[in-house]
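All remarks here apply to the structure that follows.
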Amino acid sequence: MKKLSARRRHPLAAVVVLLLALAATGGLYAAFAPAEKAQADSSSQSLAIDEGKKLFAVGCSSCHGLNGQGTSDGPSLVGVGSAAVDFQVATGRMPAQQPGAQVPRKKTVYNQSEIDQLAAYVASLGPGPVVPTPDQYQPSEDKVTNAEQVAKGGELFRTNCAQCHNFAGKGGALTDGKYAPSLEGVDSKHIYEAMQTGPQNMPSFPDTTMPEEQKREIIAYVQNTNDAPNPGGLSLGSLGPFTEGLFSWIFGLGTLIVIAIWVAAHTTKAKKS
Amino acid sequence: MSTASGTNSGASKPASTRAKPANKAEATADWVDGRLGIYSLAKANLRKIFPDHWSFMLGEICLYSFVIIILTGVYLTMFFKPSMAETVYHGSYLPLNGIRMSEAYASTVDISFEIRGGLLIRQIHHWAALVFVAAMFVHMMRVFFTGAFRKPREINWLFGFLLLCLGFFDGFFGYSLPDDLLSGTGIRFMEGAILAVPLVGTYIQMFLFGGEFPGTDIIPRFFTIHVLLIPGIMLGLLVAHLILVFYHKHTQWAGPGKSEKNVVGMPLMPVYMAKAGGFFFLVFGIIAAMSAIATINPVWAYGPYRPDQVSTDAQPDWYMGFAEGLIRFMPGWEISVWGGHTLNLGVFIPLMLFPLVLVAIAVYPFIESWVTGDKREHHILDRPRNAPVRTALGAAWISLYLVLLVGGGNDLFATHLHMSINTITYMVRVGFFVVPVITFFVAKRWCLGLQRRDKDKVLHGRESGIIKRLPHGEFVEVHAALSQDDLHTLTSHEQPEPLELPAETDENGVARKAGVVAKTRTKLSEGFYGEGNQIAKPTSEEYLEITSGHGHH
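For the protein sequence lines, the chains are X and S, in the order given.
Residue numbering for the first sequence follows our numbering, starting at 16 and increasing by one per position.
Residue numbering for the second sequence follows our numbering, starting at 95 and increasing by one per position.
Written out as structure tokens, the structure reads:
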């Protein structure tokens with residue numbers, strides 16, 4: 016320390032201290048300063064929003080208002096997020112055909128790039144659930160992992176979904192003409208988005224209550240139910256004992272009665288003994 | 095029976111006086127007969143005559159499907175574990191791999207996927223059960239609409255009714271055994287119904303389940319009831335039912351040569367032995383084909399039962415559907431009595447209506463014989479149209495049953511007809527009271543219309559389809575006269591007179607007041623046979639007047 020204290024009055028001491036102070040401040044700033052936002056595709060993003068706004072004005076604003084603020088005919092879209100738009104428009108539910116208990120799934124009106132533009136516009140109104148990426152919603156391709164996902168997904172499905180959608184995802188009735196639709200032929204992405212956003216009468220299952228992994232497991236189960244062959248023969252719609260009853264009456268007893276009539280009509284003369 | 099006196103003579107004959115048996119078979123038969131008296135039994139019954147009609151074979155369908163159920167059921171008991179002990183599944187059905195479940199459920203899945211032929215046998219067992227109950231239902235309706243329940247067959251009618259009810263319950267217990275999500279929901283439904291019984295409900299529930307729902311006792315208990323208790327009783331009743339059919343002899347349709355004192359038809363041996371034997375295999379074949387074609391109760395898809403899970407479309411098998419309907423259309427009334435005791439009327443009233451719906455049809459033979467005062471034996475069947483009130487009551491009962499079935503399946507009607515489930519439930523509530531009444535009047539009118547048509551046919555003949563042009567240009571259809579046989583068949587039924595109130599004064603001139611019961615009975619009798627409730631059948635005078643002389647048209 017003696018050396019240091021001996022040179023503190025050196026004419027260049029002030030310069031050295033200044034240099035050290037500047038290096039420390041700069042280093043700290045570099046370490047703690049917030050990273051700059053990636054602005055690479057800002058122009059294409061704002062272009063999509065602009066295009067989306069035009070599409071919105073033509074196809075959606077009559078019910079949802081010119082700025083998506085909602086009217087008496089349709090809810091506000093501020094904060095619903097791009098996932099909700101992608102689900103509603105890509106499954107054909109939106110634009111709605113007519114008011115009713117529930118808006119049904121129908122032929123899609125927009126193509127995917129238009130849907131993306133609409134989604135970008137609505138997402139710009141306020142933050143909300145974002146359209147998922149394939150690695151979020153695709154169950155594992157690996158056979159063993161997939162089977163595990165199906166098994167776990169089955170349990171989750173029976174706990175969270177089957178009370179409305181039926182054990183095999185065939186859909187079911189709700190009050191006053193509302194219903195839980197069938198999950199047959201529904202895109203995995205749309206199932207994910209539905210769980211994320213809770214469209215129409217469906218409750219939403221955000222990641223805080225149902226983590227991404229569980230959503231994938233449920234999707235794996237639904238895919239398996241839709242695609243796997245039924246071991247017992249015709250499934251009769253997987254609607255439970257109701258259709259089984261109809262089948263037993265019409266095919267079973269019906270055929271047996273026809274046979275009984277046939278047997279009774281073909282008889283012999285008894286010989287005297 | 096008539097040959098009872100001959101029973102001993104064959105057996106007690108000294109062996110020396112008999113001719114030597116011609117061959118081994120005869121010797122064996124002789125040996126057996128000497129010990130069991132088979133010969134006279136066979137002689138009396140093998141040539142027993144049965145009339146021929148397809149509707150008399152409905153009971154056979156019941157019998158054969160019952161046999162199929164027992165055979166397949168025995169096979170299933172060899173692999174089924176009636177236990178609620180928890181296990182983790184690691185079998186070949188991957189979608190259930192690693193899932194916790196009861197041994198009952200695991201063994202049912204194993205029967206379906208590991209045991210050779212297990213799935214087919216399971217499906218045969220279940221399909222045969224549905225067909226069995228459906229066939230009993232139709233068989234009972236045949237007996238009802240033809241009046242075959244009348245004296246001397248009232249007891250046998252009750253036996254049949256008990257078989258139907260036991261079939262309902264055994265089916266329900268069987269449905270509950272696999273411990274899958276659907277059957278557990280069914281048991282939960284039953285538990286709720288038991289709990290709704292005032293005062294004793296909770297005690298019965300605790301006793302039955304051995305604690306809180308679901309506990310670990312219910313599956314083993316249901317298993318014993320399902321495979322031992324109820325089938326045992328049913329087997330006994332079935333034998334009694336068949337013995338009575340033999341004893342009473344079979345009913346027959348009216349026709350030339352047929353009377354209340356004879357049975358016209360074919361002998362059991364060889365005609366019906368061959369027919370019935372063949373028919374058994376046809377029934378087995380159809381049920382096996384159904385089981386090979388279509389899934390029933392896909393337990394692997396339902397998943398194991400957990401009280402926190404449920405699937406929509408949770409219905410019972412069809413025969414219990416009317417109980418489901420009663421619960422679903424009933425408003426959820428709940429009242430509080432005596433400071434805090436809940437009376438769950440929304441469940442308790444349906445629970446009381448459930449036996450009433452069934453008993454209504456069971457007691458009908460006794461009501462009819464009381465109303466009509468008819469205590470005679472009947473072996474000739476009624477055509478449904480010739481008993482309009484009975485037919486209309488039966489149709490009303492069926493319509494009630496169907497309305498309740500719609501109520502039980504209201505969710506599926508809602509989704510498949512794109513209707514509101516609430517609308518369907520309100521319709522069922524109204525329909526429960528209105529539809530049977532409308533059905534009654536429509537069916538009765540229909541019967542009377544058919545009676546008029548029969549009368550017309552007897553008097554004017556059958557429409558031949560040949561159009562004749564008369565000389566003055568008029569077109570008429572030529573009617574062909576019926577054969578004597580057909581005339582007999584169409585006019586042989588009796589048309590009873592309604593009961594009359596006893597005279598207001600007796601022979602000594604003392605006023606005698608008819609009681610309320612007698613008055614009601616007379617009123618009802620009037621409703622059965624009074625004016626406008628049956629079309630007077632043509633008399634021979636009418637017939638002669640119309641057919642004599644001028645050509646009829």
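We put the CB at the ideal spot given by N, CA and C, even for glycine.
One or two residues paired with residue i in a DSSP bridge
i	result
arginine 194 of chain S	S/Val182
arginine 556 of chain S	S/Ala574
valine 431 of chain S	S/His435
proline 361 of chain S	S/Ile143
arginine 523 of chain S	According to DSSP, which records beta bridges pairwise, arginine 523 of chain S is partnered with nothing at all.
threonine 86 of chain X	X/Gly89
isoleucine 474 of chain S	S/Gln346
arginine 563 of chain S	S/Phe569
proline 398 of chain S	S/Asp274
glycine 187 of chain X	X/Ala195
alanine 605 of chain S	S/Thr599
leucine 249 of chain X	S/Ala388
Cβ-based neighbour list, residue i, same chain, cut-off 8 Å, excluding 5 preceding and 5 following
i	result
aspartate 505 of chain S	Thr406, Asp407 and Ile515
proline 632 of chain S	Lys549, Val552, Leu553 and Thr585
proline 142 of chain X	Gly94 and Gly96
isoleucine 561 of chain S	Phe569, Val570, Glu571 and Val572
glycine 104 of chain S	With a pLDDT of only 42 at glycine 104 of chain S, under the threshold of 50, the placement of this residue in the model should not be trusted, and no figure is reported.
isoleucine 249 of chain S	Leu338
Close beta carbons around residue i, own chain, < 6 Å, minus the five adjacent residues each side
i	result
phenylalanine 174 of chain S	Ser201
alanine 597 of chain S	none
valine 32 of chain X	none
phenylalanine 669 of chain S	As displayed, chain S neither begins before 95 nor continues past 647, which places residue 669 of chain S out of reach and without an answer.
lysine 230 of chain X	Tyr207 and Met210
leucine 618 of chain S	Val465
tyrosine 183 of chain S	Leu190, Ile193, Met195 and Ala200
isoleucine 455 of chain S	Trp491
Same chain, Cβ closer than 7 Å to residue i, neighbours up to 5 away in sequence not counted
i	result
glutamine 409 of chain S	Gly415, Glu418, Gly502 and Gly503
tryptophan 394 of chain S	Tyr187, Leu190, Val203 and Ser206
tryptophan 277 of chain X	none
lysine 193 of chain X	Ala116, Gln117 and Asn216
histidine 646 of chain S	Because the pLDDT of histidine 646 of chain S is 47, which lies under 50, any placement of that residue in the model is unreliable, and the question is left without a value.
aspartate 311 of chain S	Phe303 and Gly304
valine 30 of chain X	none
glutamine 299 of chain S	Glu285, Ile288 and Leu289
Residue i vs residue j beta-carbon contact at 9 Å
i	j	result
arginine 556 of chain S	alanine 537 of chain S	no
phenylalanine 378 of chain S	tyrosine 158 of chain S	yes
leucine 268 of chain X	alanine 228 of chain S	yes
leucine 420 of chain S	phenylalanine 448 of chain S	yes
threonine 282 of chain X	valine 339 of chain S	no
(message) For the segment 116–142 of chain S, list every residue whose C-beta sits within 7 Å of some C-beta in chain X, in sequence order.
(response) So nothing in the stretch comes that close.
(request) Compile a chain-ordered list of the residues in the segment 223–248 of chain X whose CB is closer than 8 Å to at least one CB of chain S. (result) Across the segment 223–248 of chain X, CB contacts with chain S closer than 8 Å involve Tyr236, Asn239, Thr240, Ala243, Asn245, Pro246, Gly247 and Gly248, in sequence order along the chain.
(message) Tell me which residues of the segment 179–196 of chain S have at least one Cβ-Cβ distance to chain X shorter than 7 Å, keeping chain order.
(response) The residues in question are Leu188, Pro189, Leu190, Asn191, Gly192 and Ile193.
(request) Identify each residue in the segment 220–240 of chain S for which the Cβ-Cβ distance to at least one residue of chain X is less than 7 Å, and report them in chain order. (result) Listed by position along the chain: Trp221, Leu224, Val225, Ala228, Ala229 and Val232.
(request) Could you name the residues of the segment 130–164 of chain X whose beta carbon sits closer than 8 Å to any beta carbon of chain S, in the order they occur along the chain? (result) Those would be Ala162 and Glu163, in chain order.
(request) State whether the segment 231–241 of chain S contacts the segment 162–181 of chain S, with contact taken as three or more CB pairs (one from each stretch) at a distance under 8 Å. (result) The segment 231–241 of chain S vs the segment 162–181 of chain S: no contact.
(message) Short of 7 Å Cβ to Cβ, which residues in the segment 258–287 of chain S face chain X?
(response) The residues in question are Leu275 and Leu276.
(message) If the cut-off is 8 Å on Cβ atoms, which residues from the segment 392–412 of chain S count as contacting chain X, listed in chain order?
(response) Going along the segment 392–412 of chain S in chain order, one finds Pro392, Trp394, Ala395, Tyr396, Gly397, Arg400, Asp402, Gln403, Val404, Ser405, Thr406, Asp407, Ala408, Gln409, Pro410, Asp411 and Trp412 with a Cβ nearer than 8 Å to chain X.
(request) Decide yes or no for the touch test of the segment 437–444 of chain S against the segment 286–300 of chain S: beta carbon pairs closer than 8 Å, at least 3 of them. (result) As far as the Cβ criterion goes, the segment 437–444 of chain S touches the segment 286–300 of chain S, which means the pair count is three or higher.
(request) Determine, using beta-carbon pairs with one atom in the segment 513–528 of chain S and one in the segment 251–264 of chain S, whether at least three such pairs fall under 8 Å. (result) Counting Cβ pairs under 8 Å, fewer than three are found: no touch.
(request) May I ask you to verify whether the segment 130–141 of chain X touches the segment 95–112 of chain X, counting CB pairs closer than 8 Å and requiring at least 3? (result) Short answer: they touch.
(message) Under 8 Å, with one C-beta from each stretch per pair, do the segment 181–199 of chain X and the segment 72–92 of chain X reach the 3-pair mark?
(response) Segments in contact, no.
(message) Residues of the segment 363–380 of chain S in Cβ contact with chain X at a cutoff of 8 Å, in chain order, please.
(response) Listed in sequence order: Val365, Lys369, Gly372, Phe373, Leu376, Val377 and Ile380.
(message) Any C-beta of chain X within less than 7 Å: which residues of the segment 473–503 of chain S qualify?
(response) In summary, the residues of the segment 473–503 of chain S whose CB is separated from some CB of chain X by less than 7 Å are Gly503, in the order they occur in the chain.
(message) If contact is defined by three or more beta carbon pairs under 8 Å, each pair taking one atom from either stretch, is the segment 218–226 of chain X in contact with the segment 341–357 of chain S?
(response) The segment 341–357 of chain S is not in contact with the segment 218–226 of chain X.
(message) Count Cβ pairs between the segment 419–436 of chain S and the segment 268–282 of chain S that sit closer than 8 Å; are there 3 or more?
(response) Because the criterion of three Cβ pairs below 8 Å is not met, the segment 419–436 of chain S and the segment 268–282 of chain S do not touch.
(request) Could you run through the segment 199–217 of chain X and flag, in chain order, every residue whose CB is less than 8 Å away from some CB of chain S? (result) Flagged: no residues at all.
(message) Can you pull out the residues from the segment 100–121 of chain X whose beta carbon lies closer than 8 Å to at least one beta carbon of chain S?
(response) Listed in chain order, the positions of the segment 100–121 of chain X with a beta carbon within less than 8 Å of a beta carbon of chain S are Ala116.
(request) Give the residues from the segment 419–432 of chain S that approach chain X closer than 9 Å (Cβ to any Cβ), ordered along the chain. (result) Correct list: empty, as no residue qualifies.
(message) Give me the subset of the segment 257–269 of chain X whose CB atoms are less than 9 Å from a CB atom of chain S, sorted by chain position.
(response) Cβ contacts with chain S: Phe257, Thr258, Glu259, Gly260, Leu261, Phe262, Ser263, Trp264, Phe266, Gly267 and Leu268.
(request) Taking 8 Å as the threshold, find out whether the segment 258–268 of chain X comes into contact with the segment 395–403 of chain S through three or more Cβ pairs. (result) Cβ pair count under 8 Å is below three, so no.
(message) Count Cβ pairs between the segment 137–155 of chain X and the segment 241–248 of chain X that sit closer than 8 Å; are there 3 or more?
(response) Verdict: no, contact absent.
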